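In this note's numbering, the protein residues as written are 156 to 459.
What follows is the structure, encoded as structure tokens:
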């Protein structure tokens, strides 16, 4: 059973960078951030929508049973769309809501409404908040308290480096049972280690490698340094704290969805039990997937 623990979906991009520069869709996968135009998703996404049905097709072709949707301010909040997807595909996704953490005085009420609508997790985009809002702002403590008490999951992408680690240590000191998934594998080659990785010593803190092929994109498949980082983390914090994620669809501007999975699936230096934990068992435990079945991948026409 394979679970993608870090991916995105959106109906229409309406985002911003650090609550300042707008992000606009241009068509054929292109987006504009400020004055820069770039390919933000595969060019085949002609209307710049990344719909659930698109990634479900990737899941089914690659043998992936389910996915964990983590939102991003870059795309803009997709809460309403994601709730519709959760209703239509209740067994295929775990959904994180994205509240406006830039307004700390209003976030508790917003979060309460999101949880009441059915969300079981929240996303914090740490890099966007850096220098604007502290993660250990006391105004967020009622949010973390509710999440700890109700066993809800916090997905967090920290900024590069370790600057936000002390702030989050303060959060974990006050809420030691909070369930957390650290994204982008803790930015191992962007100064995030050892601090971000060592947060996994807290009993309910996990780390997922969504975006790791972006971090090591210059190496190309099979991302040797990415594999090395995963094995190092396994030795440091245990393979039972690591989850695989693809960061679909952004990383697919460089590599295929299968490549984002196969570099771990085909790593002979990770044992079968540890690999099973990374690829699905740990995510099933954290996110509460219970009815999933293992899926067979579809053979490729080029394999004949």
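All C-beta atoms in this analysis are idealised placements derived from N, C-alpha and C, irrespective of residue type, glycine included. Just so it is clear, the structure is predicted and the values come from calculations on it, not from any experiment.
Alpha-carbon spacing of residue i relative to residue j, whole angstroms
{"i": "residue 300", "j": "residue 355", "result": "19 Å"}
{"i": "residue 434", "j": "residue 159", "result": "8 Å"}
{"i": "residue 452", "j": "residue 329", "result": "44 Å"}
{"i": "residue 437", "j": "residue 205", "result": "26 Å"}
{"i": "residue 289", "j": "residue 363", "result": "23 Å"}
{"i": "residue 281", "j": "residue 459", "result": "46 Å"}
{"i": "residue 409", "j": "residue 372", "result": "8 Å"}
{"i": "residue 246", "j": "residue 420", "result": "23 Å"}
{"i": "residue 302", "j": "residue 225", "result": "16 Å"}
{"i": "residue 384", "j": "residue 267", "result": "37 Å"}
CB of residue i within 9 Å of CB of residue j, strictly
{"i": "residue 249", "j": "residue 273", "result": "no"}
{"i": "residue 164", "j": "residue 198", "result": "no"}
{"i": "residue 196", "j": "residue 184", "result": "yes"}
{"i": "residue 167", "j": "residue 178", "result": "no"}
{"i": "residue 278", "j": "residue 253", "result": "yes"}
{"i": "residue 441", "j": "residue 308", "result": "yes"}
{"i": "residue 432", "j": "residue 397", "result": "yes"}
{"i": "residue 122", "j": "residue 285", "result": "The displayed coordinates of the chain run from 156 to 459. Any statement about residue 122 would go beyond what the structure contains."}
Nearest candidate by alpha-carbon position, reference residue i, set the options
{"i": "residue 413", "options": "172, 215, 189", "result": "215"}
{"i": "residue 334", "options": "342, 323, 400", "result": "323"}
{"i": "residue 221", "options": "313, 449, 457", "result": "449"}
{"i": "residue 180", "options": "174, 173, 193", "result": "193"}
{"i": "residue 228", "options": "283, 368, 306", "result": "283"}
Exposure of residue i, with buried meaning 16 or more beta-carbon neighbours within 10 Å
{"i": "residue 327", "result": "buried"}
{"i": "residue 426", "result": "exposed"}
{"i": "residue 401", "result": "buried"}
{"i": "residue 422", "result": "buried"}
{"i": "residue 404", "result": "buried"}
{"i": "residue 351", "result": "buried"}
Host beta strand (DSSP E) of residue i (start-end)
{"i": "residue 249", "result": "248 to 250"}
Extent of the continuous alpha helix (DSSP H) run through residue i
{"i": "residue 393", "result": "Premise fails: residue 393 is in no alpha helix (DSSP H) and is neither H nor E."}
{"i": "residue 195", "result": "No alpha helix (DSSP H) contains residue 195, which DSSP labels as neither H nor E."}
{"i": "residue 367", "result": "367 to 370"}
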